Amino acid sequence: MRVAIIGNGVVSNVGALYFRKILPKSTEITLIGPDDRGGLPLVGESIIEITGNFLETELGLAEYLHENHLPKFGLTYYFKLHPDNPNDRTYSVHSTESLPEVLPPSGWQGPKPLPISWQLNRSTFDRHLKKMVAENPGIERIHGTVTDVELDGAAGHKLAINEENGTTRSLEADWVIDATGRNRLLAKKLGLIIRPEGQRNCFWFRLADFDRSLLSKLNALGPQPPA
């Protein structure tokens, strides 16, 4: 089986490492993407619990995260239960400040037994992921750009690639995974892009000298943090 992953960002590199771990050794895994981001900004990442669990347990990066990144403890307000009712002040709230007895041990020696989400330094994380891929002999990396994909589920998909050294080549694969992010190569090719309607907002802030006793007075559904 041949798997081609298009992209060279966090998703493509994590995907390559994960597939190499779970797929048979005979599987050919090729990652295709430019070495340079072309001036695109590198956004910091505050990951959620399910992502942290995946990185720690599925990829085995628990020790790496503990040594190179910061644990995140916070309170997340998701949505009002009845958004059309201005008198409804009940929010769905999720806290990462879970009580110690409900968390499994992982060797973490921080303020809680297990930091279930992380504040990643994206520059560091991306650099380390690429190094992990480069040191994995079961993953081939092609520095270049995929210009087109001919999809054929029966005979195999064909990728047209412009390598960074100026040469062109083609690659055949049984599975093609588009991890190009904003470029959305396959989504554009297949006409799958749907632009969202309405406004979406997300706010992040930090509080100094916060009175934690206020958290126990929230009109909220979900696990309450300890007062």
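End of the sequence shown sits at 226 in numbering that gives the first Met the number 0; the numbers just go up one at a time, nothing left out.
Note that beta-carbon positions come from the ideal geometry of N, C-alpha and C, so glycine has one too.
Remember, it's a predicted structure, so these values are computed and weren't measured experimentally.
Quiz item: Which residues in the same chain as Ile-160 place their Cβ atom closer than 8 Å to its Cβ, once the five residues preceding and following it in sequence are excluded?
Solution: Ile-31, Ile-141, Gly-143, Thr-144, Val-145, Thr-146, Thr-167, Arg-168, Ser-169, Leu-170
Exercise. Tell me, to the nearest whole angstrom, how far the beta carbon of Leu-69 is from that of Trp-117; I am working on the premise that it is less than 8 Å.
Key: At roughly 7 Å, the Cβ-Cβ gap stays under 8 Å, so Leu-69 and Trp-117 are in contact.
Exercise. Mind the definition here: the region 2-13 touches the region 170-182 only if three or more C-beta pairs lie below 8 Å; say whether that holds.
Key: yes
Quiz prompt | Proximal residues to His-127 (C-beta, below 8 Å), its chain only, five neighbours per side dropped | solution = Tyr-63, Asn-67
Quiz item: Leu-30 by DSSP, collapsed to three states: which one?
Solution: strand
Quiz item: Around the C-beta of Leu-206, are 16 or more other C-beta atoms found within 10 angstroms, so that it is buried, or is it exposed?
Solution: exposed
Self-check item: Distance between Phe-124 and Met-131 (C-alpha atoms, nearest Å)
Solution: Going from the Cα of Met-131 to the Cα of Phe-124 covers about 10 Å.
Exercise. State the DSSP-derived secondary structure class of Gly-6, mapped to helix, strand or coil.
Key: In the three-state reduction of the DSSP assignment, Gly-6 falls in the coil class, being assigned neither a helical nor a strand state.
Quiz item: Based on Cα-Cα distance, which residue from Thr-29, Thr-26, Lys-20 lies nearest to Phe-53?
Solution: Lys-20
Practice problem: Take Asn-7 as the anchor and find which of Ile-138, His-81, Ile-47, Leu-58 has the nearest alpha-carbon. | Solution: Taking the Cα of Asn-7 as reference, the smallest distance to any Cα among Ile-138, His-81, Ile-47, Leu-58 is reached at Ile-138.
Quiz item: Taking just the CA atoms, how far does Pro-23 sit from Val-148?
Solution: For Val-148 and Pro-23, the distance between alpha carbons rounds to 25 Å.
Quiz prompt | Enclosing alpha helix (DSSP H) for Arg-181 [first to last residue] | solution = Run containing Arg-181: none; DSSP gives neither H nor E here.
Quiz item: To the nearest angstrom, how far is it from the Cα of His-156 to the Cα of Gly-180?
Solution: 20 Å
Self-check item: Euclidean distance between Cα positions of Asn-84 and Cys-201
Solution: Looking at the two C-alpha atoms, the distance is approximately 21 Å.
Self-check item: Which residues DSSP lists as bridging Pro-70, in chain order
Solution: Trp-117
Quiz item: Where does Asp-147 fall in DSSP's three states?
Solution: Looking at Asp-147 - three-state DSSP - the assignment turns out to be strand.
Quiz item: Using the C-alpha atoms, what's the distance from Trp-203 back to His-65?
Solution: 23 Å
Exercise. In angstroms with no decimal places, state the Cα-to-Cα distance between Glu-134 and Asp-151.
Key: 32 Å
Quiz prompt | Straight-line gap, Asp-34 to Glu-55 (C-alpha atoms, nearest Å) | solution = 26 Å
Quiz item: Ordered along the chain, which non-local residues of its own chain (more than five positions away) have a Cβ less than 6 Å from that of Gly-106?
Solution: Low confidence applies here, because Gly-106 scores a pLDDT of 49, under 50, leaving its location unreliable and the question unanswered by this model.
Quiz item: Whose C-alpha, out of Ile-28, Val-13, Asn-86, Lys-71, is nearest the C-alpha of Gly-59?
Solution: Closest by C-alpha distance to Gly-59, out of Ile-28, Val-13, Asn-86, Lys-71, is Val-13.
Quiz item: What are the start and end residues of the alpha helix (DSSP H) that includes Glu-48?
Solution: 48-52
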